[in-house]
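S.K.:
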Amino acid sequence: MIEDRRQFSGLPVAAVIATLVIAAHLALVWLPGINLEWAFSGAARSFATGDADLLARYFAVEANSLGLPMLAYGLHAALPFIGIDLAPRLFSIAGLAFLAAALVRLRGRLGLAVPDALLVALVVVNPLVWTFSGRGTADFLPAALAIFAVALAWERPGSGATRAAAVVAFALAIILKYHAALLLPLIWLEGLSRPGAPPARRLSSVALITAAILVWPLLFLAGIRAAYGFWIAPPQFQSIHGLVITPGFVATNLVAYAGYLALLLMPLPLLALWRRRHSPAAWVIVVVGGAGLFVAGALLLAPNGEMNFGPLDRYLAGAVVGGAFAVCAGFFVVTAAEGVATARSGEGDLRLVVCLILGIVAVIGALALTRPAQRYLLFLLPLAYLFVAPLLARRKILAGLVIAVSLALDLFVAANQLATGRAAAAMVTLLSESGGLAETDPGALAPQVGDRFPLHPAVPPAYTVVEGRAAGALAVVESAPVPFAHKVYSLVRSPAP
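For the sequence shown, the working numbering gives the first residue as -16, with consecutive numbering after it.
1. For S462, report the span of its alpha helix (DSSP H) as first-last.
2. Which of helix, strand or coil does DSSP assign to H439?
3. List the whole-angstrom C-beta distance separating V317 from A406, where the pair is believed to meet the contact cut-off of C-beta under 8 Å.
4. Quick check: the Cα distance between A22 and G305, rounded to an integer number of angstroms?
5. Whose C-beta lies closer than 7 Å to the C-beta of K69 among residues of the same chain, with five residues either side of it excluded?
6. In chain order, which alpha helix (DSSP H) runs of at least 4 residues are fully inside the region 93 to 164?
7. Do the CB positions of G481 and G331 come within less than 7 Å of each other?
8. Beta carbon of A154, beta carbon of P125: below 7 Å?
9. Under a three-way DSSP split, which group does H469 fall into?
10. Look up V12 in the DSSP assignment and say whether it is helix, strand or coil.
11. Can you name the start and end residues of the beta strand (DSSP E) that T447 belongs to?
12. Quick one: Cα of A210 to Cα of I268, how far?
13. Could you give the DSSP three-state label for D68: helix, strand or coil?
14. Is DSSP giving V227 helix, strand or coil here?
15. Kindly identify the DSSP beta-bridge partner or partners of R476.
16. If you reduce the DSSP assignment to three classes, tell me which class T318 lands in.
17. Using the three-state DSSP reduction, which class does D434 fall into: helix, strand or coil?
18. Give me the residue from A408, R435 and L438 with the minimum Cα distance to S473.
19. My assumption, with CB atoms under 8 Å, is that A398 sits in contact with V465. Please give the rounded CB distance.
20. So, are the CB atoms of L363 and V346 less than 7 Å apart?
21. Whole-angstrom Cβ separation of I17 and Q400, contact assumed at under 8 Å?
22. In the DSSP assignment, find the unbroken alpha helix (DSSP H) run with N399 in it and report its ends.
23. Using CA coordinates, which residue listed in P71, R185, F370 and P440 is at the minimum distance from P252?
24. Among the residues of its own chain, which have a CB less than 6 Å from the CB of R28, if the five just before and after it don't count?
25. Taking the alpha helix (DSSP H) that M53 falls in, what are its first and last residues?
26. Within 10 Å of its beta-carbon, does Q431 have 16 or more other beta-carbons around it, so buried, or fewer, so exposed?
27. Which word fits R377, buried or exposed, when buried means at least 16 other C-beta atoms lie within 10 angstroms of its C-beta?
28. Exposed or buried, G242, counting other C-beta atoms within 10 Å across all chains shown (16 or more means buried)?
29. Buried or exposed: K160, going by 16 or more other Cβ atoms within 10 Å of its Cβ?
30. Taking its Cβ as the centre, do 16 or more other Cβ atoms sit within 10 Å of V238, making it buried, or is it exposed?
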């Protein structure tokens, strides 16, 4: 077994880093809501007030469970001085502590030669983690809890208390977001491949812990069915998020998820190639293979759902996006191979690294069967850092640069949230004062202030809010709180039905 390399840990520094990021999020809790945060806080308020309209709004826009709103209501009921709108965000922020603890445990269990402080810093300031860990939605906390549960389940030797905590954390993660169940293969792979135990004993142990985890989400689902009349998600979302098992759809999503994961890990995948810079054969493979992947992606792939490059999409042809994702998926393969090679060299537990990589691939395979979304990578990104972070362990200047760039992007994200929130509030004020709120489709405003519009608007709506400065707009509002953050919304007439 690989020795737990505590000389590399820097555990107190890792705790300080996690605490500082938590403090930064707490200092920014006043930022306006995004990504349908209003739906979660509204559902929580419905439990406090009995307002059925608030719950109806939640079911109209959310396929997630009621787990987070219930937790938020429970926290507010126990500590009334914590506002019910604030409670969902506090749970997400608390997830950072679980994630940091999980990373430290997994790093030690895998025996990786990378400081805990560096690993934690890379993950908690990554822009994807930063964005969702400060938002009151059912995205980050379930991911953090599920990864924490995996870390506890992988402990060897593990006590009864540790196994019980793993069960509780994993069950809660699934209740909060059903996608968390996709991380169960990580427990299966480690348990079934564990040396020194008869196969029958390994199988029974894995089956027992799986049953102990799943019984609580199943009871929760039964309660939801009894109270609201549906399983898992409201009927309108069951078709949207249903399985689509067609070769083109699945292949596109496999490449998109692997490619986006590699993008989020940058520049670490490039370091894996840089280590082979003195090999002419490697360069030939990189150039020829990269060109082949780009052409294949450009011809065959059409990323859909939320898998895109955001604002850059308006400047990129679809073929370029498909080709870029295919090349990035190749980078993911390179980084996975680098993780295996590192473990083979004695710098990690090969069995566990292989379990980790196979688990990530299994999750990507499952996610590829339904509508893709970037936020689902929250379940995979922290785990992927485990087998690529050692590439930065001895490159202190580069490590500092990567973290600095991530922090700059985080600042950009926060500034744009402020600009978006102010512009959205200005448009709502304009519509309220003009009496046009009931006749307007919120359109681009729905994620920010959808709760400010009538639950049952005029049909068809006379007006629609769109992003940007539209030609012929009836009204335009904009916000630019800092020079590098600017948001514009336009009110336009709705197209004729």
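C-beta: ideal position from N, C-alpha, C; glycine also.
M.R.: In terms of the structure at hand:
1. Taking the sequence shown and counting its residues from 1, one reaches residue 462 at position 479. That residue, S462, is in no alpha helix (DSSP H); its beta strand (DSSP E) goes A458 to V465.
2. Walking along the sequence shown from the start, residue 439 turns up at place 456. Assignment of H439 by DSSP, reduced to helix, strand and coil, places it in the coil class.
3. Locating residue 317 in the sequence shown gives position 334, counting from the first residue. Locating residue 406 in the sequence shown gives position 423, counting from the first residue. Between A406 and V317 the Cβ distance is about 41 Å, and since that is not below 8 Å, they are no contact.
4. If you number the sequence shown from 1, residue 22 lands on position 39. If you number the sequence shown from 1, residue 305 lands on position 322. Rounded to whole angstroms, A22 to G305 spans 33 Å at the Cα level.
5. Locating residue 69 in the sequence shown gives position 86, counting from the first residue. One point to set straight first is that residue 69 is Leu, not Lys, in the sequence displayed. The residues V12, in chain order, have a CB closer than 7 Å to that of L69 in the same chain once the five nearest residues on each side in sequence are set aside.
6. You should have 99 to 107, 110 to 116, 123 to 136 and 143 to 159.
7. Nothing can be reported for residue 481, as the shown portion of the chain is limited to -16 through 480.
8. Within the sequence shown, numbered from 1, the residue matching residue 154 stands at position 171. Within the sequence shown, numbered from 1, the residue matching residue 125 stands at position 142. No. Outside cutoff.
9. As a position in the sequence shown, residue 469 is number 486, starting the count at 1. When DSSP states are grouped into helix, strand and coil, H469 belongs to the strand group.
10. Here the question's residue 12 lines up with position 29 in the sequence shown. Three-state result, V12: coil.
11. Position 464 of the sequence shown, counted from the first residue, corresponds to residue 447. Where T447 is concerned, the enclosing beta strand (DSSP E) stretches over Y446 to E450.
12. Against the sequence shown, residue 210 aligns to sequence position 227. Against the sequence shown, residue 268 aligns to sequence position 285. If I take the Cα positions, the gap works out to 58 Å.
13. Here residue 68 is taken as the residue at index 85 of the sequence shown, counted from 1. In the displayed model, D68 falls within coil according to three-state DSSP, outside both helix and strand.
14. Position 244 of the sequence shown, counting from 1, holds the residue named residue 227. In this structure, DSSP gives V227 a state outside helix and strand, which the three-state scheme calls coil.
15. Taking the sequence shown and counting its residues from 1, one reaches residue 476 at position 493. Beta-bridge pairing links R476 to Y446.
16. The count along the sequence shown starts at 1 and reaches residue 318 at position 335. Looking at T318 - three-state DSSP - the assignment turns out to be helix.
17. Numbered from its first residue, the sequence shown carries residue 434 at position 451. D434: helix per DSSP, three-state reduction.
18. Counting from one through the sequence shown, the residue named residue 473 turns up at place 490. Nearest neighbour of S473 by Cα position, chosen from A408, R435 and L438, turns out to be A408.
19. Here residue 398 corresponds to residue number 415 of the sequence shown, with the count starting at 1. Here residue 465 corresponds to residue number 482 of the sequence shown, with the count starting at 1. A398 to V465, Cβ: 5 Å. Contact.
20. As a working note, residue 363 is residue 380 in the sequence shown. As a working note, residue 346 is residue 363 in the sequence shown. Yes, Cβ-Cβ distance for L363 and V346 is below 7 Å.
21. Sequence index remark: in the sequence shown, residue 17 carries index 34 (1-based). Sequence index remark: in the sequence shown, residue 400 carries index 417 (1-based). Distance from I17 to Q400 at the Cβ level is roughly 6 Å; contact confirmed, criterion being Cβ atoms closer than 8 Å.
22. Start at 1 with the first residue of the sequence shown, and residue 399 comes out as number 416. Going by DSSP, N399 is part of the alpha helix (DSSP H) stretching over K379 to S417.
23. Translated into positions along the sequence shown, residue 252 becomes position 269. For the set P71, R185, F370 and P440, the Cα lying nearest the Cα of P252 is the one of F370.
24. Locating residue 28 in the sequence shown gives position 45, where the first residue counts as 1. Only L37 and I67 meet the Cβ criterion.
25. For the purposes of this step, residue 53 is identified with residue 70 of the sequence shown, where counting begins at 1. The continuous alpha helix (DSSP H) containing M53 extends over residues G50 to A61.
26. One-based indexing of the sequence shown puts residue 431 at position 448. Q431 comes out buried.
27. One-based indexing of the sequence shown puts residue 377 at position 394. By the 10 Å Cβ count, R377 comes out exposed.
28. The count along the sequence shown starts at 1 and reaches residue 242 at position 259. Buried is the call here.
29. Your numbering for residue 160 matches position 177 in the sequence shown. That one is buried.
30. On the sequence shown, residue 238 is found 255 positions in, with the first residue counted as 1. Here V238 is buried: its Cβ has 16 or more other Cβ atoms, across all protein chains shown, within 10 Å.
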